[in-house]
Amino acid sequence: MNLALFDLDNTLLRGDSDHAWGEFICERGAVNRAEYEARNNEFYEHYKAGTLDNAAFLRFVMAPLAAIPRAQLDALHAEFMQSRIAGMMLPQGQALVRKHLDAGDLVAIVTATNAFITAPIVRAFGVSHCIATIPAQENGRFTGEPRGLPAFKEGKITRVNTWLESLALNLQSFDKTWFYSDSLNDLPLLSLVTNPVAVDPDPTLRAHAEKSGWSVISLR
0 MNLALFDLDN
10 TLLRGDSDHA
20 WGEFICERGA
30 VNRAEYEARN
40 NEFYEHYKAG
50 TLDNAAFLRF
60 VMAPLAAIPR
70 AQLDALHAEF
80 MQSRIAGMML
90 PQGQALVRKH
100 LDAGDLVAIV
110 TATNAFITAP
120 IVRAFGVSHC
130 IATIPAQENG
140 RFTGEPRGLP
150 AFKEGKITRV
160 NTWLESLALN
170 LQSFDKTWFY
180 SDSLNDLPLL
190 SLVTNPVAVD
200 PDPTLRAHAE
210 KSGWSVISLR
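If you want it as structure tokens, here you go:
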């Protein structure tokens with residue numbers, strides 16, 4: 000058995016689901032657009048540059064989850080899936096995921112974006128395993144804080160190892176391991192698999208991939 004891990008945003012999706020969610024809730028009036036939109040864009044630029052203060056970002060992005068009633072959140076997300084995410088799902092990405100599933104590989108999507116946003120997207124790709132930053136809940140409501148270690152940078156390694164351990168597996172259990180990602184933020188996990196694949200990579204990841212002899216592909 001082999002293992003195939005996928006990043007989500009700007010890898011399997013044409014764009015970033017976290018940033019798109021922020022834009023969407025601004026448009027729907029669920030947050031104060033004047034205050035939220037500028038900070039959403041600022042955090043996204045820091046993410047792309049590899050300079051994101053992830054703790055500050057998580058406090059920002061999870062605050063609306065705590066402030067908006069869950070029924071309203073779920074209704075907004077259903078609309079978000081139809082109006083935004085459906086058009087962002089890359090057909091070649093869907094085909095690549097399906098290729099690994101059909102081969103009998105163990106497949107997971109590993110994303111720094113929180114699970115409220117991403118779990119339905121992961122299911123839409125036909126993948127059962129979503130390793131994402133976890134938004135904490137109490138009594139059925141989000142608290143506005145993350146639970147446990149965020150799935151970001153080196154945190155993706157820890158979260159993947161914990162997930163595999165829960166299945167009585169580890170990275171050495173597989174003949175081949177893949178990780179597909181677009182981002183310099185994923186260099187730690189890319190460096191651990193037997194088949195790192197840079198997907199439509201940012202300039203830093205592209206340079207590293209070319210220097211290291213990694214595969215570079217496009218799903219667009």
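Position 190, counted from 1, in the sequence shown is what numbering that gives the first Met the number 0 calls 189; the numbers after and before it change by one each time, with no gaps. All C-beta atoms, glycine included, are put in the ideal place defined by N, C-alpha and C.
Just the C-alpha distance for residue i and residue j, rounded to the nearest angstrom, thanks.
i	j	result
Y35	I130	26 Å
F178	S214	11 Å
R219	N169	32 Å
T289	N39	Nothing can be reported for residue 289: it is not among the residues displayed for the chain, which extend from 0 to 219.
I67	W20	14 Å
A85	H45	26 Å
D185	D15	15 Å
E41	C25	15 Å
Using the beta-carbon count (16 or more within 10 Å), is residue i buried or exposed?
i	result
K155	buried
D8	buried
G147	exposed
M0	exposed
A197	buried
E22	buried
A74	exposed
T10	buried
R158	buried
Pick helix, strand or coil for residue i, following the three-state DSSP scheme.
i	result
V159	helix
L64	helix
Taking the alpha helix (DSSP H) that residue i belongs to, which residues open and close that run?
i	result
A19	S16 to E26
A208	P202 to S211
A29	No alpha helix (DSSP H) holds A29; DSSP gives it neither H nor E.
L186	L186 to L189
Quick one: give me the first and last residue of the beta strand (DSSP E) that residue i is part of.
i	result
L4	L2 to F5
S127	First-last for S127: undefined, no H or E at that position.
V192	From DSSP, V192 is part of no beta strand (DSSP E); its letter is neither H nor E.
S214	S214 to I216
Quick one: complete beta strand (DSSP E) runs, 3+ long, within the stretch 66-121?
Runs of the beta strand (DSSP E) spanning 3 or more residues and lying entirely within the stretch 66-121 occur at 105-113, in chain order.
In chain order, which continuous runs of the alpha helix (DSSP H) of length 4 or greater are located wholly inside the stretch 131-175?
You should have 153-165.
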